[in-house]
Ligand SMILES: [Zn+2]
Ligand SMILES: [Zn+2]
């Protein structure tokens, strides 16, 4: 495992540029339940040989990349240079180099440019929820206007309707000049994400978030390694459809890497309670109690400067030292990469 953070990731130069023929297929697998969380499984697979020719990563570990870590609204300015201003978008590469994209915040624009540069055209997309900051980048994800692109979207039936309908609304008049019908990529929607999925070699388990208008958190597992992504989750306030603290602790238990919403400090929370986000010390408590190995603070408040985030990280590390824990803690940047 190692961390990597690098600038100009949109144009990596060390990746083989062999075109994909986009032969993704989906087929039913098995159906079972996992304790508190219902789990539905599908397989997204394609030929191994094609993967080998694409990047030479055959047999590598799972890679987790962040393309946006800011919450609610994109920000820019010199006070945000370290952690970045783009809203949520996470990329996961399976050990076979299949691509999973979680959320389409403004960060997905840079990811799309990078994927086209890499000549990768097949992806699976999954969403946590339909709030604006998590879908606003979809019309700016250039692969959707590329006929070579084949995108499987796991269509979670959100509280406000199907994901397809929600994405179409983002591109409907008078909000956007390009019509949803003008998308040229081959996009296929697959339901039942609430119950989980298997994407290539990664098992995906979901959990309802405690968040206004609901949403889903995910646990991604491959070869005994795991990554838990819980953004837009309010640990100390139970929204309709949400669960209590203990369920999120159980869901995160022992994971190699937890990203959790850490938007507020205690003072801010006195007037933001019930807005759907957590105090960073509550998220840290969850990470400590769940015995995770690494904890990434995420969904940074739009007014939180780099300096402010550094102070939060220092405070968290002080708490961790006081607990005599070896938990690694950091704030996720929008150019973050972790290889498990
Ligand atoms: Zn959000
Ligand atoms: Zn939200």
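Numbering (the working numbering), first residue to last: 1436 to 1775.
Beta carbons: idealized from backbone N, C-alpha and C, even for Gly.
Owing to the predicted nature of the structure, the values given are computational and were not obtained by experimental measurement.
query	result
Sub-8 Å separation of residue 1514 and residue 1740 beta-carbons	yes
Extent of the continuous alpha helix (DSSP H) run through residue 1782	Since the first and last residues shown for the chain are 1436 and 1775, residue 1782 lies out of range.
Run of the alpha helix (DSSP H) containing residue 1413, from where it starts to where it stops	Outside the displayed range of the chain (1436 to 1775) lies residue 1413, so it cannot be described from this structure.
Residue span of the beta strand (DSSP E) that contains residue 1580, given as start and end	No beta strand (DSSP E) holds residue 1580; DSSP gives it neither H nor E.
Start-to-end residues for the alpha helix (DSSP H) that takes in residue 1717	1715 to 1725
Cβ neighbours of residue 1399 in the same chain (closer than 7 Å, five flanking residues each side left out)	No information on residue 1399 is available, as it lies outside the stretch 1436 to 1775 that the chain covers here.
Presumed contact (8 Å Cβ cut-off) between residue 1652 and residue 1665, rounded CB distance	4 Å
Endpoints, the beta strand (DSSP E) within which residue 1567 is located	Run containing residue 1567: none in the beta strand (DSSP E); it sits in the alpha helix (DSSP H), 1567 to 1570.
Residue 1541 vs residue 1509 beta-carbon contact at 8 Å	yes
Pairwise C-alpha distance: residue 1737 and residue 1635	35 Å
Proximity of residue 1572 and residue 1543 at Cβ, strictly below 8 Å	yes
Environment of residue 1538 [buried if 16+ CB atoms lie within 10 Å]	buried
Distance between residue 1611 and residue 1699 (C-alpha atoms, nearest Å)	32 Å
Per-residue burial, residue 1657 [other beta carbons within 10 Å of its own, 16 or more giving buried]	buried
Validate contact between the region 1550 to 1566 and the region 1577 to 1587 using beta carbons, cut 8 Å, 3 pairs	yes
Cβ contact (3+ pairs, closer than 8 Å) linking the region 1670 to 1682 and the region 1748 to 1768	no
Contacting residues, own chain, Cβ-Cβ under 7 Å from residue 1577 (five flanking each side not counted)	1547, 1548, 1551
Contact under 8 Å by Cβ, residue 1568 with residue 1519	no
Close Cβ partners of residue 1615 (< 6 Å) along its chain, the five nearest in sequence each way excluded	1603, 1606
Where residue 1697 falls: helix, strand or coil (DSSP)	coil
For review: beta carbons within less than 5 Å of any heavy atom in ligand 2	1566, 1667
Nearest-angstrom beta carbon gap, residue 1639 and residue 1655 [assumed within contact, 8 Å]	6 Å
Between the CA atoms of residue 1752 and residue 1564 - distance to the nearest angstrom	30 Å
Residue range of the unbroken alpha helix (DSSP H) whose run includes residue 1651	Taken as a continuous stretch (DSSP letters only), residue 1651 belongs to no alpha helix (DSSP H), being part of the beta strand (DSSP E) at 1651 to 1657.
C-alpha distance - residue 1580 paired with residue 1711, whole-angstrom precision	33 Å
Bounding residues of the alpha helix (DSSP H) (the contiguous stretch that carries residue 1621)	Careful: residue 1621 lies outside any alpha helix (DSSP H), inside the beta strand (DSSP E) at 1621 to 1625.
Residue 1568: CB within 7 Å of a non-hydrogen atom of ligand 1	yes
heavy atom of ligand 1 below 7 Å from residue 1523 C-beta	yes
Rounded Cβ spacing between residue 1735 and residue 1744 (contact assumed at less than 8 Å)	6 Å
Cutoff 6 Å; reference residue 1704; Cβ partners in own chain excluding five residues on either side	1714
Cα-Cα separation, residue 1690 to residue 1609	44 Å
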